[in-house]
Ligand SMILES: NC(=O)c1ccc[n+]([C@@H]2O[C@H](COP(=O)([O-])OP(=O)(O)OC[C@H]3O[C@@H](n4cnc5c(N)ncnc54)[C@H](OP(=O)(O)O)[C@@H]3O)[C@@H](O)[C@H]2O)c1
């Protein structure tokens, strides 16, 4: 766990997976929480558990972040909260179908959840964080930001989050506010089940647990913007980014047999 302690954190996508794990770790460190997602019953169960275990304040906020109304509700909650010093933009999803097969509306939902929500909530919290001289934003991106296998929308929106975070941190240098782009690889959560993706296509040694990923994210916060958890993911990310190997990986990803397996 990071040595930095936070007074209040707002976590999007806290009803499952990485978001719920951030909530558990932060509550254990004494941070009060605002948990956001669509499934309110799940949020309420988690809130009850964390209040009982750690004596922290936990609010729940139901919002569909694919809608402007949903983002408005969260922005409204953030407005003027002097204690909010950590924002975790974590909510996200992917899909198995190709760009052409999927409805444009689903693509726009992804832009809303991954991109618009992150931009609007970051803009909502930053003036307060900067004026107080402290705060942090974690944008949960993905190793898919550099991947040839993850589809144009998922990779494209996650690549946005990486560059957004890098350049936002440059703008915020000297303010006391830090930004992290967390880029996990394969992680055991509900993510693949929701998208109907066969987890068997990636061998077991490449998977991490949500506990490992979140522990590394919080430990590395403030020590460099891009955080790729796990040495195997670091090697994969390096190979996907290095010009010498990236072109070969891209060519491999375009082989018909590989494309068929990736789209399974
Ligand atoms: N698992 C992986 O292998 C992996 C790898 C790299 C990056 N990531 C990223 O990690 C983040 C968390 O995913 P996860 O793995 O923890 O998946 P998960 O277990 O499926 O959790 C996704 C969370 O996002 C929320 N969410 C999805 N759509 C939403 C919407 N329209 N409005 C509000 N909340 C929404 C879900 O809550 P509700 O359904 O209750 O709304 C849920 O709490 C995502 O950004 C994902 O892209 C995951």
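Numbering (our numbering), first residue to last: 12 to 275. C-beta: ideal position from N, C-alpha, C; glycine also. Note that the structure is a prediction, hence the values are computed from the model and not measured.
Item: Using three-state DSSP, classify residue 201 as helix, strand or coil.; Value: coil
Item: Identify whether residue 14 lies in helix, strand or coil by the three-state DSSP scheme.; Value: In this prediction, residue 14 has a pLDDT of 47, which is less than 50 and means its spatial position is unreliable; what the coordinates show is noted afterwards. Reduced to three states, the DSSP call for residue 14 is coil.
Item: The beta strand (DSSP E) spanning residue 191 covers which residue range?; Value: 188-193
Item: Quick one, which of 171, 37 and 163 has its alpha-carbon nearest residue 230's?; Value: 37
Item: Residues bridged to residue 100 by DSSP?; Value: 150
Item: In this structure, does DSSP put residue 20 in helix, strand or coil?; Value: strand
Item: Residue 239 by DSSP, collapsed to three states: which one?; Value: coil
Item: Beta carbon of residue 72, beta carbon of residue 62: below 8 Å?; Value: no
Item: Report yes if the CB atom of residue 128 is closer than 8 Å to the CB atom of residue 19, and no otherwise.; Value: no
Item: Verify the contact flag: residue 75, CB atom, against every heavy atom of ligand 1, threshold strictly below 7 Å.; Value: yes
Item: Please list the terminal residues of the continuous beta strand (DSSP E) segment that includes residue 296.; Value: With the chain represented from 12 up to 275, any question about residue 296 goes unanswered, as that position is not in the structure.
Item: Cβ-heavy atom distance between residue 163 and ligand 1 below 7 Å?; Value: no
Item: Using three-state DSSP, classify residue 46 as helix, strand or coil.; Value: strand
Item: When the Cα of residue 75 is compared with those of 67, 101, 58 and 50, which residue comes out closest?; Value: 50
Item: Mind checking whether residue 164 and residue 199 have CB atoms under 8 Å apart?; Value: no
Item: Within the same chain, show all residues whose beta-carbon is closer than 7 Å to that of residue 132, passing over the 5 residues directly before and after it, in chain order.; Value: 85, 86, 89, 98 and 100
Item: Can a CB atom of chain B be found closer than 8 Å to the CB of residue 269?; Value: Note that chain B does not occur in the displayed structure, where there is just one protein chain.
Item: Pull the bridge partners of residue 219 from the DSSP assignment, please.; Value: 198
Item: Under 7 Å from any heavy atom of ligand 1, does the C-beta of residue 201 make it?; Value: yes
Item: Got a sec? Which residues, its chain only, sit under 8 Å from residue 255 by beta carbon, not counting five neighbours each side?; Value: none
Item: Is there contact here, the region 177-196 with the region 232-240, by at least three beta-carbon pairs under 8 Å?; Value: yes
Item: Nearest to residue 39 by CA position, among 65, 173 and 212, is which residue?; Value: 65
Item: Is residue 253 buried or exposed, if buried means 16 or more other CB atoms sit within 10 Å of its CB?; Value: exposed
Item: Would you tell me roughly how many angstroms separate the C-alpha atoms of residue 246 and residue 106, rounded to the nearest one?; Value: 25 Å
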